[in-house]
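**Q**
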Amino acid sequence: MPLESTAHARYDLKYHFVWCPKYRRLALKGNVGKYVAKVIYEVAERYEFRILELAVMPDHVHMFASAPPDVAPAKLIQTIKSITARKVFERFSGIKRILWGGALWERGYFVMSSGAGTTDEMILKYIKEHRDHSANDQPKLFG
Numbered sequence: 241m242p243l244e245s246t247a248h249a250r251y252d253l254k255y256h257f258v259w260c261p262k263y264r265r266l267a268l269k270g271n272v273g274k275y276v277a278k279v280i281y282e283v284a285e286r287y288e289f290r291i292l293e294l295a296v297m298p299d300h301v302h303m304f305a306s307a308p309p310d311v312a313p314a315k316l317i318q319t320i321k322s323i324t325a326r327k328v329f330e331r332f333s334g335i336k337r338i339l340w341g342g343a344l345w346e347r348g349y350f351v352m353s354s355g356a357g358t359t360d361e362m363i364l365k366y367i368k369e370h371r372d373h374s375a376n377d378q379p380k381l382f383g
């Protein structure tokens, strides 16, 4: 993939994020999952990072994204989780019953940059294939 640019930098920074609903509940099924994906794309446009691949599964989200060097991965995921939680609770108030009235997302997340032993193509393939597997039959990233 070609280099991206800001006013003062040329870069190739891509991150694979994975995060889960609280208690790894199956909270992202159907319309909720579709809405989460829509909101994530809106956040990407607003905050000027690019989503290369996105898979919203019933119990977790995979996102492969490119962000400028002035955007820390921790800030990016914090922004996404905060905005999606607020909007999901506004639109689907009943989801709080599934989550026992608490937060939408687990506090933690996974992030890995491509190139750290994993190519962009490997991550893209993994996320695309992941959509076709159930939560109990997950594809392997390495091997």
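My numbering numbers the first residue of the sequence shown as 241 and each following residue consecutively.
Idealized CB from N, CA, C, for every residue including glycine.
Using the three-state DSSP reduction, which class does P261 fall into: helix, strand or coil?
**A** Strand, per DSSP.
**Q** Using beta-carbon positions only, say whether V272 and H300 come within less than 8 Å of one another.
**A** Not a contact, by the Cβ cut-off of 8 Å.
**Q** Which term fits T324, buried or exposed, when burial requires 16 or more other beta carbons within 10 angstroms of its beta carbon?
**A** Burial call: buried.
**Q** State the beta-bridge partners of S245 as determined by DSSP.
**A** Answer is R250.
**Q** Helix, strand or coil: which one does DSSP assign to L364?
**A** Three-state result, L364: helix.
**Q** Which partner residues of E293 appear in the DSSP bridge assignment?
**A** According to DSSP, which records beta bridges pairwise, E293 is partnered with F304.
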